[in-house]
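Be aware that the sequence shown starts at 1, since it is given in the UniProt record's numbering, and climbs by one per residue.
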Amino acid sequence: MTNGSRSKIRQLDNGYTRQVATDQRGQQQRVSQVRRRRFVLIIAVFGALLLFFGFQLINTHANLQRVNRQVATSQVDLNRAKQKNDQLEGQIKQLNNKDYLQKLLRSKYDYTKSGETVYSLPNDNASDVTAN
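What follows is the structure, given as structure tokens:
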């Protein structure tokens, strides 16, 4: 065959060939419709998974922030408790010191040894036991 020559083959144009062509077009449309449905289904499933895992991620992040705030608050409370504990341990050590204990008893409760006399002056800041 040369470039200028026409093909001697012609397509028949009868009812059968038209029906076969129509059936082929219908089958192609059904295939494309099925592919379109599958694509939409895949996109919908992917979107649902994306929403689900996105929600889980956001929820987890919010819980993490809440727990971090609780940890920070607990750290502050722990530091306060440690300071209070150190202060109380210092007071315990002082109460084990006999000189401090005698001084405390004398100033707070006006305790005296036998034979001692306590003179109360008007300018004294010592509080009366009954005043508390």
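We put the CB at the ideal spot given by N, CA and C, even for glycine.
Cutoff 8 Å; reference residue i; Cβ partners in own chain excluding five residues on either side
i	result
threonine 117	none
lysine 103	none
threonine 130	Because threonine 130 carries a pLDDT of 42, less than 50, the predicted location of this residue cannot be relied on, and the following value inherits that uncertainty. So no residue of the chain qualifies.
Residue i and residue j closer than 8 Å at C-beta
i	j	result
threonine 17	glutamine 11	yes
leucine 95	leucine 101	yes
Boundaries (first-last residue) of the alpha helix (DSSP H) holding residue i
i	result
glutamine 28	15-96
Chain-order list of residues whose beta-carbon lies under 7 Å from that of residue i (same chain, five-residue window excluded)
i	result
tyrosine 111	Leu105
Residues of its chain near residue i, where Cβ-Cβ distance is below 6 Å and the 5 sequence neighbours each way are ignored
i	result
valine 40	none
isoleucine 9	none
valine 76	none
glutamine 28	none
Residue environment, residue i, which counts as buried when at least 16 other CB atoms sit within 10 Å
i	result
asparagine 132	Confidence is the limiting factor: at asparagine 132 the pLDDT is only 39, short of 50, which leaves the residue's position unreliable and the question unanswerable from this model.
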